[in-house]
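Visitor: Throughout the sequence shown, residue numbering follows full-length UniProt numbering, covering 1 to 288 in sequence.
Yeah, the Cβ is synthetic: ideal placement off N, Cα and C, and Gly gets one too.
These numbers were taken from a predicted model, which means no experiment stands behind them.
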Amino acid sequence: MSGKIVVKGYTVGSKIDQSGLKKIHKALDIKTGKEVFMTLTAVRRGRALNALARRAAQSQKLSLPSLVTAIDHGLVSDQFFYYTHSAVSSFPLEQVLEQSADEVERYYSLFRYFLQALEVVDYIHEAQTTHRDLNTRQLRVTSKKQLILEGFINSRPLSEPRNLTSIVHFPYMAPEQLLGANADKKTDIYSVGVIFYELFTGSLPYDSNYAKLEDFRNGVAPNPTMHKIDVPKEIEAVMMKMLGPRESRYKHTREVINDIEILYSKRSLWMKMCDLSASVKNLFTAMR
Numbered sequence: 001m002s003g004k005i006v007v008k009g010y011t012v013g014s015k016i017d018q019s020g021l022k023k024i025h026k027a028l029d030i031k032t033g034k035e036v037f038m039t040l041t042a043v044r045r046g047r048a049l050n051a052l053a054r055r056a057a058q059s060q061k062l063s064l065p066s067l068v069t070a071i072d073h074g075l076v077s078d079q080f081f082y083y084t085h086s087a088v089s090s091f092p093l094e095q096v097l098e099q100s101a102d103e104v105e106r107y108y109s110l111f112r113y114f115l116q117a118l119e120v121v122d123y124i125h126e127a128q129t130t131h132r133d134l135n136t137r138q139l140r141v142t143s144k145k146q147l148i149l150e151g152f153i154n155s156r157p158l159s160e161p162r163n164l165t166s167i168v169h170f171p172y173m174a175p176e177q178l179l180g181a182n183a184d185k186k187t188d189i190y191s192v193g194v195i196f197y198e199l200f201t202g203s204l205p206y207d208s209n210y211a212k213l214e215d216f217r218n219g220v221a222p223n224p225t226m227h228k229i230d231v232p233k234e235i236e237a238v239m240m241k242m243l244g245p246r247e248s249r250y251k252h253t254r255e256v257i258n259d260i261e262i263l264y265s266k267r268s269l270w271m272k273m274c275d276l277s278a279s280v281k282n283l284f285t286a287m288r
């Protein structure tokens, strides 16, 4: 996209982020005088555009600060779909975790943010829908140490065409989706499991759809010790249950939350003090 961007009702400012066909700009809502962020995606009329519009409208029925939802949405020059959302500055979770003082702090910070992500996914599921396009890049953290989940407004179909999955690697997609199954709670849980696996080990569980499908057909779950030998048994068990065969996978996000909370409760006193400090700072910020 080049040149000046004109959207009725908004003054569109500078670009602040870009990923593939998606760009995010600062914008001013002329009517309210409030600054917002505006996400623009290059799209043609048809199924993809209709899917984006449906997801944007659906997101407007959800109300959770940790989930990026649309304030407004529409078309720009008949070529780009846009939606506006709250202007909240954030940083990639991976970048935030890299700033940890040591490995122990990093792991417990990961648990804390991962629990927040699971709560958002659980909220989505309780609203009788799915995210269906979860990946690590969509987890971001605000300056108040609150996690934000992006990507709910997406054009991902309920099921992926088989001819596409044979040539494009979908590392976060559940294997049954690669075989044509629809997205549901269990496929979201699988995707979140891939995120947890990647953030904990530094690697994705599979480097191809073929390898993933072979394990799926054989009823095998990827073991995180293949990429990191010192994974605690309790964490290994949670990951493998998230990434396991469909029939043995977690049925509900709340079950994952309960198991992660048990692990997180074992964090050190120093980490508990850090959590308390963050909570107090957030309280005083909210009171201002």
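By Cβ distance, which residues of its chain are closer than 7 Å to residue 16, with the 5 residues on each side in sequence left out?
Guide: Residue mapping note: residue 16 aligns to position 16 of the sequence shown, counting from 1. Same-chain partners within the cutoff: 24, 25, 26.
Visitor: Just reading off the beta strand (DSSP E) that residue 15 is part of, what are its end residues?
Guide: Here residue 15 is taken as the residue at index 15 of the sequence shown, counted from 1. That run of the beta strand (DSSP E) goes 10-19.
Visitor: Three Cβ pairs or more, each shorter than 8 Å: is that satisfied between the segment 60-78 and the segment 143-155?
Guide: Touching, per the Cβ criterion.
Visitor: Could you tell me if residue 38 is buried or exposed, where buried requires 16 or more neighbouring beta carbons within 10 angstroms of its beta carbon?
Guide: Here residue 38 refers to the residue found at position 38 when the sequence shown is read from its first residue. It counts as buried.
Visitor: Using CA atoms only, rank isn't needed, just tell me which of 13, 124, 183 is closest to residue 87.
Guide: Along the sequence shown, read from residue 1 onward, the residue named residue 87 stands at position 87. Nearest of 13, 124, 183 to residue 87, Cα basis: 13.
Visitor: What does a CB cutoff of less than 6 Å around residue 219 pick up in its chain, not counting 5 residues either side in sequence?
Guide: Looking up residue 219 in the sequence shown gives position 219. Closer than 6 Å at the Cβ level, and outside the excluded window around residue 219, lie 245.
Visitor: Residue 205: buried (16+ other C-beta within 10 angstroms of its C-beta) or exposed?
Guide: Position 205 of the sequence shown, counted from the start, is the residue given in the question as residue 205. Burial call: buried.
Visitor: Just to confirm the assignment, what range does the beta strand (DSSP E) spanning residue 35 have?
Guide: Position 35 of the sequence shown, counted from the start, is the residue given in the question as residue 35. Counting along the chain, the beta strand (DSSP E) containing residue 35 begins and ends at 35-42.
Visitor: Over the uninterrupted alpha helix (DSSP H) stretch that includes residue 106, give me the two end residues.
Guide: Within the sequence shown, numbered from 1, the residue matching residue 106 stands at position 106. It spans 103-126 - the alpha helix (DSSP H) in which residue 106 sits, taken as one unbroken run.
Visitor: Reducing DSSP to helix, strand and coil, say where residue 51 ends up.
Guide: Against the sequence shown, residue 51 aligns to sequence position 51. Of the three classes helix, strand and coil, the one that applies to residue 51 here is helix, per DSSP.
Visitor: Give the straight-line distance between the Cα atoms of residue 258 and residue 21, rounded to the nearest whole angstrom.
Guide: Residue 258 sits at position 258 when you count from the first residue of the sequence shown. Residue 21 sits at position 21 when you count from the first residue of the sequence shown. So the alpha carbons of these two residues sit roughly 37 Å apart.
Visitor: Could you give the distance in angstroms between the alpha-carbon of residue 40 and the alpha-carbon of residue 240?
Guide: Along the sequence shown, read from residue 1 onward, the residue named residue 40 stands at position 40. Along the sequence shown, read from residue 1 onward, the residue named residue 240 stands at position 240. C-alpha separation (whole angstroms): 37 Å.
Visitor: Determine the closest residue to residue 91 out of 202, 142, 217, with distance taken between C-alpha atoms.
Guide: In the sequence shown, the residue the question calls residue 91 occupies position 91. When only C-alpha atoms are compared, the closest one is 142.
Visitor: If I measure Cβ to Cβ from residue 5 and keep anything under 6 Å in the same chain, skipping five residues before and after, which residues do I get?
Guide: Here residue 5 corresponds to residue number 5 of the sequence shown, with the count starting at 1. Same-chain partners within the cutoff: 12.
Visitor: Distance check for residue 223 and residue 178, CA to CA, integer angstroms please.
Guide: Taking the first residue of the sequence shown as 1, we reach residue 178 at position 178. Taking the first residue of the sequence shown as 1, we reach residue 223 at position 223. Distance between the alpha carbons of residue 178 and residue 223 is about 20 Å.
Visitor: Thinking residue 256 and residue 189 are a contact (beta carbons under 8 Å), I'd like their distance in whole angstroms, please.
Guide: As a working mapping, residue 256 is identified with position 256 in the sequence shown. As a working mapping, residue 189 is identified with position 189 in the sequence shown. Sure, about 7 Å apart at Cβ, within 8 Å.
Visitor: I'd like to know whether the C-beta atoms of residue 263 and residue 235 end up nearer to each other than 8 Å.
Guide: Mapped onto the sequence shown, residue 263 falls at position 263. Mapped onto the sequence shown, residue 235 falls at position 235. Going by C-beta atoms, residue 263 is nearer than 8 Å to residue 235.
Visitor: With DSSP collapsed to three states, give me the class of residue 248.
Guide: Mapped onto the sequence shown, residue 248 falls at position 248. Correct three-state label for residue 248: helix.
Visitor: Could you compute how far the alpha carbon of residue 50 sits from the alpha carbon of residue 138?
Guide: Within the sequence shown, the letter at position 50 stands for residue 50. Within the sequence shown, the letter at position 138 stands for residue 138. If I take the Cα positions, the gap works out to 22 Å.
Visitor: Below 6 Å CB to CB, which residues in the same chain sit around residue 191 once its five sequence neighbours on both sides are set aside?
Guide: Stepping through the sequence shown from its first residue, residue 191 is reached at position 191. Answer for residue 191: 134, 172, listed in chain order.
Visitor: Less than 8 Å separating the beta-carbons of residue 43 and residue 81?
Guide: What you label residue 43 is simply residue 43 of the sequence shown in a count that begins at 1. What you label residue 81 is simply residue 81 of the sequence shown in a count that begins at 1. Result yes, Cβ atoms of residue 43 and residue 81 sit closer than 8 Å.
Visitor: With a CB to CB cut of under 6 Å and the five nearest residues on each side skipped, what residues in its chain are close to residue 1?
Guide: In the sequence shown, the residue the question calls residue 1 occupies position 1. Residue confidence is low: residue 1 scores 48 on pLDDT, short of 50, so the model does not pin down where it sits. Its coordinate-derived value is still stated next. Nothing meets the Cβ criterion.
Visitor: When DSSP labels each residue in this structure, what does residue 190 get in the three-state scheme?
Guide: One-based indexing of the sequence shown puts residue 190 at position 190. In this structure, residue 190 counts as helix in the three-state DSSP scheme.
Visitor: Can you tell me whether residue 142 is helix, strand or coil according to DSSP?
Guide: Here the question's residue 142 lines up with position 142 in the sequence shown. Residue 142: strand per DSSP, three-state reduction.
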